[in-house]
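These notes are about the structure you will find just below.
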Amino acid sequence: MGSVSQAYLESEPVKGARSLISELCRQFYSLGWVSGTGGSITMKVHDSSIPKPQQLILMSPSGVQKERMEPEDMYVLSGDGAIISSPSPKPYPHKPPKCSDCAPLFMKAYHMRDAGAVIHSHGMESCLATMINPHLKEFRITHMEMIKGIQGHGYYDELVIPIIENTAYENELTDSLAKAIEAYPKITAVLVRNHGIYVWGDSWISAKTQSECYHYLFDAAIKLHQLGLDWSTPDHGPIQVVKGVPSVDCRMNMSKKARIADSNCNGKPFPRCIVLDIEGTTTPISFVTDILFPYAQNNVGRHLSATYASAETQDDIKLLRSQVEDDLKQGVIGTVPIPSEDAEKEEVIAALVANVEAMIKADRKITALKQLQGHIWRTGFENNELKGIVFDDVPEALEKWHASGVKVYIYSSGSRLAQRLLFGNTKFGDLRKYLSGYFDTAVGNKREKRSYVEITDTLCVDKPSEILFLTDIYQEAIAAKAAGMEAIISVRPGNSPLPDNHGFKTINSFLEV
1 MGSVSQAYLE
11 SEPVKGARSL
21 ISELCRQFYS
31 LGWVSGTGGS
41 ITMKVHDSSI
51 PKPQQLILMS
61 PSGVQKERME
71 PEDMYVLSGD
81 GAIISSPSPK
91 PYPHKPPKCS
101 DCAPLFMKAY
111 HMRDAGAVIH
121 SHGMESCLAT
131 MINPHLKEFR
141 ITHMEMIKGI
151 QGHGYYDELV
161 IPIIENTAYE
171 NELTDSLAKA
181 IEAYPKITAV
191 LVRNHGIYVW
201 GDSWISAKTQ
211 SECYHYLFDA
221 AIKLHQLGLD
231 WSTPDHGPIQ
241 VVKGVPSVDC
251 RMNMSKKARI
261 ADSNCNGKPF
271 PRCIVLDIEG
281 TTTPISFVTD
291 ILFPYAQNNV
301 GRHLSATYAS
311 AETQDDIKLL
321 RSQVEDDLKQ
331 GVIGTVPIPS
341 EDAEKEEVIA
351 ALVANVEAMI
361 KADRKITALK
371 QLQGHIWRTG
381 FENNELKGIV
391 FDDVPEALEK
401 WHASGVKVYI
411 YSSGSRLAQR
421 LLFGNTKFGD
431 LRKYLSGYFD
441 TAVGNKREKR
451 SYVEITDTLC
461 VDKPSEILFL
471 TDIYQEAIAA
481 KAAGMEAIIS
491 VRPGNSPLPD
501 NHGFKTINSF
511 LEV
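Just so it is clear: in the sequence shown, position 9 is 9 by UniProt numbering, and no numbers are missing.
Put into structure tokens, the structure is as follows:
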């Protein structure tokens with residue numbers, strides 16, 4: 001938009017956005033987010049005819065009673081942050097109008113995250129969450145239902161929010177906020193210690209929904225802490241102190257130098273996170289090859305026939321169609337064309353079964369296959385036809401690491417659903433309470449360095465070497481090491497032999513870690 005006409009400034013999209021901001025500020029005031037003239041909100045004027053980076057930006061003014069704002073009190077800015085329209089002054093005792101002191105921070109969210117709206121809250125929960133452990137640089141929480149309201153997160157995921165230090169003036173936070181956004185590519189919020197939180201989304205609805213979820217989670221963390229419970233662990237059990245091992249709070253409050261010096265294993269630094277492979281590492285290869293794969297292969301036709309009309313199965317079929325089209329172009333052996341969507345159900349299923357059987361036979365690590373297998377296995381676990389198997393040392397080790405404050409994650413070529421099913425249904429009970437999250441091939445191939453770089457970015461550690469990866473595959477260990485992680489190879493019965501002089505430490509039991 002080279003220039004903005006007065007007619008456009010008075011158009012319905014702009015007027016609607018003005019009214020919406022004043023309405024939301026009244027609601028946020030009742031929640032305690034923008035009391036005492038603090039806090040602010042900004043949003044873009046949605047207009048499908050204008051590219052998002054060029055859409056107008058509306059911003060609430062600074063130093064005003066947010067609950068008493070009227071639509072005409074808003075500032076209008078261009079996509080690059082230049083003020084286009086200012087509100088008219090009001091008589092005493094109102095102060096002269098001034099654009100929000102948060103403007104430079106809002107613009108960082110717009111430019112670096114392509115946000116559609118940003119909310120700055122002074123809610124008490126967001127302040128206290130940063131004060132409980134004054135040395136923490138991150139707020140972490142997992143296994144809470146409201147995490148699902150945060151973009152890109154599920155119940156089993158660990159939510160990580162960076163904390164930046166407060167300054168005397170709002171605009172002085174700009175550089176710190178930008179660095180946090182750059183360092184944490186998946187976040188939608190930044191906490192400011194003793195101050196509040198900035199939350200953004202691709203629309204005002206997304207920003208509002210996430211803000212509500214963040215404040216709920218902060219409130220839950222505060223109350224869990226008051227009860228002596230650890231909000232950052234999957235089971236939210238009592239904050240534990242294990243002899244010779246610092247408690248979760250103690251470990252997380254250590255300086256970087258102290259954490260490096262901390263030791264629990266032969267004088268070596270204790271890892272902050274452990275990432276586990278499944279097949280040949282936590283679980284016998286035979287369980288996968290002799291039980292899970294045959295179960296999926298023998299039941300794929302029955303599953304597709306029984307669930308064919310469901311949205312979930314149609315999504316599985318869509319993925320398989322796409323994969324088969326690529327396979328046909330590349331001449332992959334065993335690939336069979338899938339009839340069009342207009343074909344008879346039986347024809348489509350027969351072709352799908354043929355392709356899936358070929359994929360399983362070739363042990364292909366592809367998302368289309370793994371997603372369908374996960375759904376088939378879910379039925380097997382629900383019907384008690386399947387039971388997850390792990391090596392006997394695994395539960396004890398998981399419990400030990402959990403008590404030590406170490407976050408444990410799974411990275412497997414099997415879908416995240418399949419991973420949760422396996423660890424949730426073992427003869428040792430539900431082991432998911434010890435796990436903080438799950439990764440599958442959506443982050444990349446397990447033999448490629450970039451996959452482990454992606455995991456490192458997600459876990460938001462100070463450096464990759466704070467992550468220990470356990471696998472039975474030499475090539476996976478090589479890839480993890482190339483990404484800066486520590487790697488140990490698991491030697492279990494039935495695993496393939498390792499090359500001579502492979503250079504990695506090996507273990508026969510997790511209890512050796």
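Built from N, CA and C at the ideal position, the CB exists for glycine as well.
Just so you know, these numbers come straight off a predicted model, no measurement behind them.
Straight-line Cα distance separating residue j from residue i
i           : j    : result
I338        : V353 : 10 Å
residue 544 : P284 : The structure shown has nothing for residue 544, since the chain only spans 1 to 513.
Q373        : N495 : 23 Å
D47         : Q55  : 7 Å
G16         : D73  : 13 Å
Y29         : S62  : 15 Å
S465        : L136 : 19 Å
I455        : L224 : 28 Å
M43         : G237 : 40 Å
Q226        : V4   : 53 Å
Y452        : H303 : 34 Å
E385        : V336 : 30 Å
V242        : S404 : Here V242 scores only 41 on pLDDT, less than 50, and its place in the model should not be relied on; the value that follows carries that caveat. Spanning the two alpha carbons is a distance of roughly 7 Å.
S310        : E382 : 18 Å
K148        : S60  : 29 Å
L20         : T307 : 43 Å
residue 525 : T441 : With the chain represented from 1 up to 513, any question about residue 525 goes unanswered, as that position is not in the structure.
I274        : V491 : 17 Å
N171        : C25  : 21 Å
S206        : I187 : 13 Å
L328        : A343 : 19 Å
L421        : S412 : 13 Å
W33         : I50  : 32 Å
I150        : I410 : 21 Å
M107        : L77  : 10 Å
K345        : D219 : 50 Å
S509        : I489 : 10 Å
Closest Cα partner of residue i within the set the options
i    : options                   : result
L417 : E344, A403 and G437       : G437
T130 : S85, Q419, L386 and V192  : V192
E12  : Q314, A207, E70 and V45   : V45
R217 : N299, I164, E170 and E158 : Correcting the residue type first, residue 217 is Leu in the shown sequence and not Arg. Minimum Cα distance to L217 is reached at E158.
G79  : E172, P53 and T307        : P53
Y110 : L58, V64, D363 and G484   : L58
A483 : S509, K449 and I507       : K449
A103 : S88, K95, A115 and G81    : G81
Y169 : K400, M359 and L105       : L105
K361 : T313, L292, Q475 and K407 : L292
E138 : C127, I161 and G154       : I161
Terminal residues of the alpha helix (DSSP H) in which residue i lies
i    : result
H375 : T367 to E382
C213 : W204 to Q226
K179 : T174 to A183
T313 : A311 to Q330
L386 : Careful: L386 lies outside any alpha helix (DSSP H) and carries neither H nor E.
K15  : E12 to S30
I360 : K345 to K361
T456 : K449 to L459
K481 : Y474 to A482
K400 : D393 to A403
T307 : F293 to T307
Boundaries of the beta strand (DSSP E) in which residue i is found, first to last residue
i    : result
E138 : E138 to T142
Y411 : K407 to Y411
A189 : A189 to V192
I274 : C273 to L276
E145 : Note, E145: premise wrong, no beta strand (DSSP E); not H, not E.
W200 : G196 to G201
Y438 : G437 to F439
L77  : Y75 to L77
A442 : Here A442 belongs to no beta strand (DSSP E), and DSSP marks it neither H nor E.
H502 : Element bounds for H502: n/a, residue is neither H nor E.
S490 : E486 to S490
F428 : Run containing F428: none; DSSP gives neither H nor E here.
8 Å contact criterion, which residue i and residue j should meet: CB distance rounded
i           : j    : result
V92         : S85  : Before going on, a small fix: residue 92 reads as Tyr here, not Val. The Cβ separation is near 23 Å, so there is no contact.
L229        : Y198 : 28 Å between Cβ atoms; not a contact.
residue 517 : T233 : Outside the displayed span of the chain (1 to 513) sits residue 517, for which this structure offers no information.
D457        : P185 : 6 Å
H215        : E125 : 5 Å
G201        : G116 : 6 Å
Would you check if there are 3 or more beta carbon pairs closer than 8 Å linking the region 23-39 to the region 104-121?
The region 23-39 vs the region 104-121: in contact.
Are there three or more Cβ pairs, one per stretch, closer than 8 Å when the region 351-368 is compared with the region 319-336?
Taking 8 Å as the limit for Cβ pairs, the verdict is that the region 319-336 does touch the region 351-368.
Inter-stretch contact at 8 Å, needing at least 3 Cβ pairs: the region 278-294 / the region 386-394
yes
Pairing CB atoms from the region 288-305 with CB atoms from the region 427-444, are three or more of them under 8 Å?
no
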